[in-house]
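These notes concern the structure reproduced below.
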Amino acid sequence: MGVIEARDLRRTYKTTTGALRRRTVDVEAVRGVSFEVGEGELFGLLGPNGAGKTTTIKMLITLLIPTAGEARVLGFDVVKDAREVRKRIGYVFGGDRGVYERLSALDNLRYFAELYAVPAREQKRRIAELLDLVGLAGREKERVEGYSRGMRQRLHVARGLLHDPPVLFLDEPTIGLDPVGARELRATIASLTAIGKTVLLTTHYMFEADALCDRIAVIAEGKIVAEGTPRDLKAGVARGKVVEIEVYGTADEAVERLRVVEGVRSVSVEERDQAQVLVVQVDGEREVTHALLGRLDGSSVGRVSSREPTLEDAYVALVTAE
Amino acid sequence: MSSIRIFFVGGLTSYRALFGWLSPWILIPTFCVAPLFQILLFAYIGRTTHLESDKFYVVGNALQYASLPCLFAMAQTIDGERYQKTLSVILATPAPRLPLFLGRSLPVIANGILVSAFAFTVGALLLGVHVPTGSLGSLALVIAVTAFACTGLGLVNAAVGLRFRDTAVSSNLFFGFLLVFCGVNVPLHNLPGWMSTLAQGVPLTHGIEAARKLADGSSLGDVRRLVAAEAFIGLIYATVGYGCIRLMERVSRQRAALEVA
Amino acid sequence: MNAVRIVLVGFVLHLKMLSRSAFTGILGVIWPLFFATTAFFMFRTRHDPSALLYASLGASVMGIWSATSVTASSAIQRQRWEGTLEPIVATPAHFSLVQLPIAIAMSTIGIYSMASTLLWGRLLFGIHLRMVHPLLFCLAVPVTIVSIGMLGFLLSVTVVRYRTAWALGNALEYPIWLVCGFLVPLSLFPGWVRPISWALAPTWGVRAIREAALGGSPLWDVAACAALGLGYGVIGALLVGTVLRSARARATLSLT
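Chains as they are written, first to last, in the working numbering: chain L, 7 to 328; chain S, 3 to 263; chain A, 323 to 578.
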């Protein structure tokens, strides 16, 4: 039995459209997500914005009730035994909000320490340790309203660890952080599994998932499109290569024209400076550059190059596949 | 009440100026329930203290409550613009100011009239207060003039808001001031001299007096001086308010303080 | 034990936060003073010092309710905006243990208004405060404050569904002042109003405060006030489960 188990999780939102005649529309944010995370694993949920990562994680941390399917954390059902789950998990969400602005970091932590039932005599020590760990020691008495984004993020991390939970959920924890801060945070996250915690991380940064995670599930449009170790996923695209073609202004039609060329696995567009670059993934053995350029006759074409595929390409291919 | 501040500034600014008022969940509690209970509260205090009649309190409070939308809504139109960062854009246009502000004032005045009329009607019905049918038309006129005068005060309030940000606080303060000074619940002769003198220079005082006389059977002719005074005061405040807004606009343009959100 | 600590720590911290907003304090004191002043002028016409004292004591509690009604009704909404609702719900603590101290902190801030109103009456209207049962007065005041806080808590839970909850709370300001007999003896109301008054804790709180100051048997009133307050707390706590479950199903714990 895994530490975190998700079985066919689904979540639908009702949104209303239109100002005069309001219609309720059902939006399926998560469409049957299943996975398992073992003890001590650092599991990554990787996907673009809007893929359903945050919705999935919120269901696991008991903030959302799934429309269908079930999930368990440490054997407890996230809907029926929500309280038991909450005692054993910590979660860290990105963003500026979520802490009491007019209180100091210390007061914020004291309050949540009570809410998480950290024994009174341990609180002081634990809070001091955590402030040290996240690098806020010395500034804990200042009011949070004066904190930078990075400092708030670190406070979120400290709060998530207050009750020393065996399972940790992190939703895009490094977003909005400067590179140094992000790197430090990643090092902290990696150290957590080293001491035996189970971590589920969501991110849309490819390299972050690659560097940190033991296993990754790629999620797109509410479904898991691939799962495995970073090495497995890379192996999936090891064969073949990537041809990059710069075009000016005709990207959308070009994509359609190129898709149908034999040997092409996927085509996507990247914006780079003035031009748009068509990133074409092709099967290994074929020499298709000619065919591709032939199809682009009539468009303005700039540089053409080919290279080895990276995990990023694997990811793009997975999430843009129809 | 301070939280009305928090919500008007923090919450309501997310509604577009006056359209936010249209939600029945705000309309009914704020413009129907509250003024009615203000009438009932003071009518019963009046009964406790054997001071004046129920009619006295119905007229006084129904008219005074017109100031609520006139103060808040006027400031809101300015606040709302600031929130949407369109204020400086609008003030930078060569559009003639007077029609601009008139346009914004009319719905506010209408709002005030409706609130007053509703509170008056329902309050009178609940307390069994009788008003001669012949006076109803004139009463409507007095309500309209009073609402206009309060809107003038609302313009002054909005000008203050352009500079000092917290219109909800000043709106509440003006509302309270009017409640205490203008003979709404305490006859002017029961107030200290300086207070009743001050009251002569603000909106509402003459309007309430006129309305009370009409409710007691006087004709419009009898109260024309009071009505004229009310209208005149309203005009003065409107002009001052408008002038202040233009002034603030100029000052703020120099100091880039307009878009302080 | 942990439950008690959560409530106490929560109360202290929220009181801290509320005290740090200067405007909250000032307007919270001035607003009820407008109404108290009007009432004092009205009562003064009776030329009866005990009438003025009656009014002063009643008016002093008005501010406690004002401090609670609007803020409490929108308390949960505000936490959603601040983003603190989700982190709180995600803890194993029972949500009412979190909300209750918030409401009580709000009503506690009302004590500034209470003191100011009594002082105002003294300085401007010459209303001298009598204290027949000073100890019971010192009991009646906190019991009233806590019970009003409990009422605020119940309010916050029942109106949480409405985006415009603050407007509903705002509209309840005058009705409570009226129906709980702050400035009007209950005997003046039609018969059907009295049970409503009796079911409201502030009615008993004000009676207790007045009787402690002017003479009477405040102990029964204190007991009634406390019992009702406790009742509100229990009902609120029971409702919390339903409210939160609904919010988790409809994804309304956060703004996005």
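For glycine and all other residues, C-beta sits at the position ideal for the given N, C-alpha and C.
What's the C-alpha gap between residue i and residue j?
i: A:Ala-559; j: A:Met-323; result: 18 angstroms
i: A:His-455; j: A:Ser-435; result: 22 angstroms
i: L:Val-186; j: L:Thr-209; result: 17 angstroms
i: L:Thr-60; j: L:Ile-251; result: 34 angstroms
i: L:Leu-176; j: L:Ala-232; result: 20 angstroms
i: L:Ala-123; j: A:Asn-492; result: 36 angstroms
i: A:Thr-430; j: A:Gly-350; result: 12 angstroms
i: L:Glu-214; j: S:Leu-108; result: 58 angstroms
i: S:Ser-172; j: S:Thr-153; result: 14 angstroms
i: A:Gly-538; j: A:Gly-527; result: 14 angstroms
i: L:Lys-93; j: A:Glu-408; result: 15 angstroms
i: A:Phe-504; j: A:Ala-377; result: 8 angstroms
i: A:Thr-437; j: L:Gly-152; result: With the sequence shown as reference, residue 437 of chain A is identified as Ala, and Thr is not the correct amino acid for it. Taking the straight line joining both Cα atoms gives about 33 angstroms.
i: L:Val-322; j: L:Asp-216; result: 14 angstroms
i: L:Arg-160; j: L:Thr-199; result: 18 angstroms
i: A:Trp-499; j: S:Val-131; result: 23 angstroms
i: S:Val-162; j: L:Leu-66; result: 50 angstroms
i: S:Ala-160; j: S:Leu-180; result: 17 angstroms
i: L:Val-270; j: L:Val-248; result: 10 angstroms
i: L:Tyr-254; j: L:Val-325; result: 24 angstroms
i: S:Ala-146; j: S:Ser-220; result: 18 angstroms
i: L:Glu-11; j: L:Val-39; result: 10 angstroms
Classify residue i: buried if its beta carbon has 16 or more other beta carbons within 10 angstroms, exposed otherwise.
i: L:Val-105; result: buried
i: A:Ile-518; result: exposed
i: S:Gln-202; result: exposed
i: L:Gln-280; result: exposed
i: A:Cys-460; result: exposed
i: A:Glu-533; result: buried
i: S:Arg-7; result: Unreliable placement is indicated for S:Arg-7, whose pLDDT of 48 sits below 50; no coordinate value is reported for it.
i: S:Leu-249; result: exposed
i: L:Pro-179; result: buried
i: L:Lys-147; result: exposed
i: S:Asp-56; result: buried
i: L:Phe-49; result: buried
i: A:Ser-395; result: buried
i: S:Trp-196; result: exposed
Can you tell me which of the three DSSP states residue i falls into?
i: L:Ser-311; result: strand
i: S:Val-11; result: Because S:Val-11 carries a pLDDT of 44, less than 50, the predicted location of this residue cannot be relied on, and no value is offered for it.
i: A:Leu-522; result: coil
i: L:Lys-59; result: helix
i: A:Asp-370; result: coil
i: A:Glu-404; result: helix
i: L:Thr-209; result: strand
i: L:Tyr-97; result: strand
i: L:Tyr-122; result: coil
i: L:Gly-228; result: coil
i: L:Val-286; result: strand
i: A:Phe-362; result: helix
i: A:Arg-327; result: helix
i: L:Lys-20; result: strand
i: L:Leu-15; result: strand
i: L:Ile-336; result: Outside the displayed range of chain L (7 to 328) lies residue 336 of chain L, so it cannot be described from this structure.
i: L:Val-249; result: strand
i: L:Asp-32; result: strand
With a Cβ-Cβ cutoff of 8 angstroms, do residue i and residue j count as a contact?
i: L:Leu-168; j: L:Arg-132; result: yes
i: S:Tyr-239; j: A:Leu-510; result: no
i: S:Leu-157; j: S:Ile-247; result: yes
i: S:Val-110; j: S:Cys-72; result: yes
i: A:Ala-412; j: A:Ala-381; result: no
i: A:Ala-487; j: A:Gln-399; result: yes
i: A:Gly-443; j: A:Ala-389; result: no
i: S:Thr-212; j: S:Val-204; result: Per the sequence presented here, residue 212 of chain S reads as Ala, with Thr not at that position. Not closer than 8 angstroms, so no.
i: L:Arg-165; j: L:Leu-115; result: yes
Assuming residue i contacts residue j (C-beta within less than 8 angstroms), just tell me the rounded distance between them.
i: L:Leu-121; j: A:Ala-373; result: Actually they are not in contact, since the Cβ atoms of L:Leu-121 and A:Ala-373 sit about 49 angstroms apart, beyond 8 angstroms.
i: L:Gly-234; j: L:Arg-221; result: 7 angstroms
i: A:Val-556; j: A:Val-482; result: About 18 angstroms separates the two Cβ atoms, so there is no contact after all.
i: S:Leu-53; j: A:Thr-367; result: 5 angstroms
i: S:Phe-39; j: A:Pro-497; result: 5 angstroms
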